[in-house]
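Novice: What follows is a single structure, and I will ask about it in a moment.
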Amino acid sequence: MSVLTVLTYPDPFLHRQMAPVTDVDDDVRRIISDMTETMYAEPGVGLAATQVGIDQRIIVYDVSGTDTPPQPQALINPEIVTAEGEQVSENEGCLSVPDFRADVHRAWRVEVTGVNQDGQSVSIKAEGFPAIVLQHEIDHLNGVLFIDRISRLKRELYKRRVHKQMKQPA
642 MSVLTVLTYP DPFLHRQMAP VTDVDDDVRR IISDMTETMY AEPGVGLAAT
692 QVGIDQRIIV YDVSGTDTPP QPQALINPEI VTAEGEQVSE NEGCLSVPDF
742 RADVHRAWRV EVTGVNQDGQ SVSIKAEGFP AIVLQHEIDH LNGVLFIDRI
792 SRLKRELYKR RVHKQMKQPA
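Read in order, the letters of the sequence shown correspond to residues 642 to 811 in my numbering.
Written out as C-alpha coordinates, the structure is:
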(Lines of atoms letter the chains of each structure in order from A and count residues from 1; the text may use other names and numbers.)
(Lines give C-alpha, C1' and ligand atoms only; values in the text may rest on other atoms or scores of the structure.)
Protein backbone atom coordinates (compact mmCIF):
# COMPACT_ATOMS: atom_id res chain seq x y z
CA MET A 1 0.00 0.00 0.00
CA SER A 2 1.11 3.54 -0.61
CA VAL A 3 -0.13 7.06 -0.07
CA LEU A 4 -1.03 8.73 -3.34
CA THR A 5 -0.74 12.42 -4.21
CA VAL A 6 -4.07 14.26 -4.03
CA LEU A 7 -4.67 16.64 -6.94
CA THR A 8 -5.90 20.10 -6.00
CA TYR A 9 -7.86 22.80 -7.76
CA PRO A 10 -7.23 24.09 -10.46
CA ASP A 11 -5.82 20.81 -11.84
CA PRO A 12 -7.86 20.16 -15.04
CA PHE A 13 -8.02 16.40 -14.35
CA LEU A 14 -10.50 17.15 -11.55
CA HIS A 15 -13.08 18.28 -14.13
CA ARG A 16 -12.91 15.09 -16.22
CA GLN A 17 -15.55 12.39 -16.18
CA MET A 18 -13.98 9.08 -15.17
CA ALA A 19 -14.14 5.87 -17.19
CA PRO A 20 -16.10 2.87 -15.93
CA VAL A 21 -14.20 -0.07 -14.47
CA THR A 22 -14.65 -3.06 -16.77
CA ASP A 23 -12.99 -5.75 -14.66
CA VAL A 24 -12.60 -5.93 -10.88
CA ASP A 25 -9.15 -7.47 -10.62
CA ASP A 26 -6.08 -7.27 -8.39
CA ASP A 27 -5.07 -3.92 -9.95
CA VAL A 28 -8.43 -2.41 -8.97
CA ARG A 29 -8.14 -3.85 -5.45
CA ARG A 30 -4.62 -2.35 -5.17
CA ILE A 31 -5.98 1.04 -6.24
CA ILE A 32 -8.72 0.74 -3.59
CA SER A 33 -6.12 -0.14 -0.96
CA ASP A 34 -3.89 2.81 -1.92
CA MET A 35 -6.87 5.18 -2.04
CA THR A 36 -8.02 4.04 1.41
CA GLU A 37 -4.56 4.59 2.87
CA THR A 38 -4.45 8.02 1.23
CA MET A 39 -7.91 8.95 2.58
CA TYR A 40 -6.84 8.17 6.14
CA ALA A 41 -3.43 9.87 5.74
CA GLU A 42 -4.91 13.18 4.55
CA PRO A 43 -7.25 12.76 6.69
CA GLY A 44 -10.62 12.64 4.98
CA VAL A 45 -13.89 10.73 5.03
CA GLY A 46 -14.00 10.02 1.31
CA LEU A 47 -11.83 9.96 -1.78
CA ALA A 48 -12.57 9.50 -5.48
CA ALA A 49 -10.11 8.08 -8.00
CA THR A 50 -10.33 11.40 -9.83
CA GLN A 51 -8.64 13.11 -6.90
CA VAL A 52 -5.53 10.93 -7.21
CA GLY A 53 -5.29 11.11 -11.00
CA ILE A 54 -6.78 7.69 -11.74
CA ASP A 55 -9.25 7.58 -14.64
CA GLN A 56 -11.59 5.00 -13.13
CA ARG A 57 -14.99 5.19 -11.43
CA ILE A 58 -13.89 4.19 -7.92
CA ILE A 59 -14.63 5.78 -4.56
CA VAL A 60 -13.63 4.94 -1.01
CA TYR A 61 -15.21 6.35 2.13
CA ASP A 62 -15.54 5.85 5.86
CA VAL A 63 -18.39 7.52 7.72
CA SER A 64 -17.89 5.53 10.93
CA GLY A 65 -16.78 8.57 12.95
CA THR A 66 -13.92 9.02 15.36
CA ASP A 67 -15.46 7.06 18.26
CA THR A 68 -15.66 3.73 16.41
CA PRO A 69 -13.14 1.50 14.65
CA PRO A 70 -12.51 2.40 10.99
CA GLN A 71 -15.00 0.90 8.54
CA PRO A 72 -13.64 1.66 5.06
CA GLN A 73 -16.00 1.09 2.15
CA ALA A 74 -15.28 0.98 -1.58
CA LEU A 75 -17.65 1.37 -4.50
CA ILE A 76 -16.84 0.74 -8.13
CA ASN A 77 -18.94 2.35 -10.87
CA PRO A 78 -21.30 3.97 -8.34
CA GLU A 79 -24.46 5.63 -9.61
CA ILE A 80 -27.14 7.54 -7.72
CA VAL A 81 -30.44 5.90 -8.68
CA THR A 82 -32.73 7.90 -6.38
CA ALA A 83 -32.33 11.13 -4.46
CA GLU A 84 -34.98 12.51 -2.13
CA GLY A 85 -35.42 15.47 0.16
CA GLU A 86 -33.00 18.30 0.72
CA GLN A 87 -30.43 19.21 3.31
CA VAL A 88 -27.67 21.75 3.57
CA SER A 89 -24.26 20.22 3.99
CA GLU A 90 -22.87 22.83 6.35
CA ASN A 91 -19.21 23.67 6.11
CA GLU A 92 -18.52 21.04 3.42
CA GLY A 93 -14.87 20.67 2.50
CA CYS A 94 -12.75 18.68 0.08
CA LEU A 95 -9.18 17.40 -0.02
CA SER A 96 -8.90 18.73 -3.58
CA VAL A 97 -10.16 22.19 -2.59
CA PRO A 98 -7.87 23.00 0.35
CA ASP A 99 -8.54 25.74 2.87
CA PHE A 100 -12.12 26.35 1.78
CA ARG A 101 -15.48 25.32 3.18
CA ALA A 102 -19.02 26.19 2.14
CA ASP A 103 -22.64 25.21 2.59
CA VAL A 104 -23.86 22.97 -0.22
CA HIS A 105 -27.41 21.85 -1.01
CA ARG A 106 -27.59 18.06 -1.23
CA ALA A 107 -30.28 15.39 -1.24
CA TRP A 108 -31.21 14.08 2.23
CA ARG A 109 -31.56 10.46 1.13
CA VAL A 110 -29.93 8.60 -1.75
CA GLU A 111 -29.86 5.11 -3.13
CA VAL A 112 -26.59 4.23 -4.82
CA THR A 113 -25.82 1.14 -6.86
CA GLY A 114 -22.39 -0.14 -7.80
CA VAL A 115 -19.99 -3.00 -7.38
CA ASN A 116 -17.86 -3.84 -4.34
CA GLN A 117 -14.20 -4.88 -4.46
CA ASP A 118 -15.26 -8.52 -4.73
CA GLY A 119 -17.13 -7.75 -7.96
CA GLN A 120 -20.57 -8.16 -6.39
CA SER A 121 -23.43 -5.78 -7.18
CA VAL A 122 -24.50 -3.68 -4.21
CA SER A 123 -27.25 -1.21 -3.43
CA ILE A 124 -26.75 1.29 -0.61
CA LYS A 125 -29.47 3.44 0.95
CA ALA A 126 -28.06 6.34 2.93
CA GLU A 127 -29.37 9.49 4.53
CA GLY A 128 -27.88 12.46 6.29
CA PHE A 129 -24.09 12.63 6.46
CA PRO A 130 -23.43 9.31 4.65
CA ALA A 131 -25.67 10.53 1.79
CA ILE A 132 -23.65 13.75 1.58
CA VAL A 133 -20.37 11.82 1.37
CA LEU A 134 -21.66 9.54 -1.38
CA GLN A 135 -22.99 12.48 -3.42
CA HIS A 136 -19.73 14.42 -2.98
CA GLU A 137 -17.52 11.52 -4.11
CA ILE A 138 -19.76 10.52 -7.03
CA ASP A 139 -19.72 14.17 -8.14
CA HIS A 140 -15.92 13.86 -8.39
CA LEU A 141 -16.28 10.91 -10.77
CA ASN A 142 -18.46 13.12 -12.97
CA GLY A 143 -15.94 15.98 -12.98
CA VAL A 144 -17.90 18.12 -10.50
CA LEU A 145 -16.27 19.79 -7.49
CA PHE A 146 -18.31 20.97 -4.54
CA ILE A 147 -17.38 24.55 -5.43
CA ASP A 148 -19.33 24.01 -8.67
CA ARG A 149 -22.44 23.70 -6.46
CA ILE A 150 -22.08 26.98 -4.56
CA SER A 151 -22.87 30.53 -5.56
CA ARG A 152 -20.90 31.99 -8.41
CA LEU A 153 -19.65 34.82 -6.18
CA LYS A 154 -18.20 32.48 -3.53
CA ARG A 155 -16.69 30.26 -6.22
CA GLU A 156 -15.03 33.21 -7.97
CA LEU A 157 -13.62 34.52 -4.69
CA TYR A 158 -12.03 31.14 -4.03
CA LYS A 159 -10.66 30.89 -7.58
CA ARG A 160 -9.09 34.36 -7.32
CA ARG A 161 -7.47 33.48 -4.01
CA VAL A 162 -5.98 30.27 -5.45
CA HIS A 163 -4.66 32.02 -8.57
CA LYS A 164 -3.15 34.76 -6.43
CA GLN A 165 -1.41 32.15 -4.25
CA MET A 166 -0.08 30.40 -7.36
CA LYS A 167 1.54 33.63 -8.58
CA GLN A 168 3.37 34.25 -5.32
CA PRO A 169 6.96 33.01 -5.14
CA ALA A 170 7.47 29.92 -2.97
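Beta carbons: idealized from backbone N, C-alpha and C, even for Gly.
Taking 8 angstroms as the cut-off, does the stretch 775–783 touch the stretch 698–706 (at least 3 CB pairs, one atom from each stretch)?
Specialist: In short, these stretches touch, since the Cβ pair count reaches three.
Novice: Can you check which of these residues, Gly755, Ile695, Tyr681, is closest to Leu736 by C-alpha distance?
Specialist: As a position in the sequence shown, residue 736 is number 95, starting the count at 1. Measuring from the Cα of Leu736, the nearest candidate turns out to be Tyr681.
Novice: Would the beta-carbon of Val785 fall within 8 angstroms of that of Thr754?
Specialist: To locate residue 785, count along the sequence shown from 1; it is residue 144. To locate residue 754, count along the sequence shown from 1; it is residue 113. It is not a contact, given that the beta carbons lie outside the stated cut-off.
Novice: Given this structure, state the Cα-to-Cα distance separating Lys800 from His746, to the nearest angstrom.
Specialist: Position 159 of the sequence shown, counted from the first residue, corresponds to residue 800. Position 105 of the sequence shown, counted from the first residue, corresponds to residue 746. Distance between the alpha carbons of Lys800 and His746: 20 angstroms.
Novice: State the Cα-Cα distance for the pair Leu655 and Leu645, rounded to the nearest angstrom.
Specialist: For this step, residue 655 is matched to residue 14 along the sequence shown. For this step, residue 645 is matched to residue 4 along the sequence shown. Whole-angstrom Cα-Cα distance: 15 angstroms.
Novice: Please classify Val729 as buried or exposed, where buried requires at least 16 other C-beta atoms within 10 Å of its C-beta.
Specialist: Taking the first residue of the sequence shown as 1, we reach residue 729 at position 88. Val729 comes out exposed.
Novice: With 16 other CB atoms within 10 Å as the buried threshold, where does Gly685 fall?
Specialist: Start at 1 with the first residue of the sequence shown, and residue 685 comes out as number 44. The residue in question, Gly685, is buried, as its Cβ has 16 or more Cβ neighbours within 10 Å.
Novice: Near Ile791, which residues of its chain fall below 8 angstroms by C-beta distance, leaving aside the five closest residues on each side in sequence?
Specialist: Locating residue 791 in the sequence shown gives position 150, where the first residue counts as 1. Contacts found: Ala743, Asp744, Val745.
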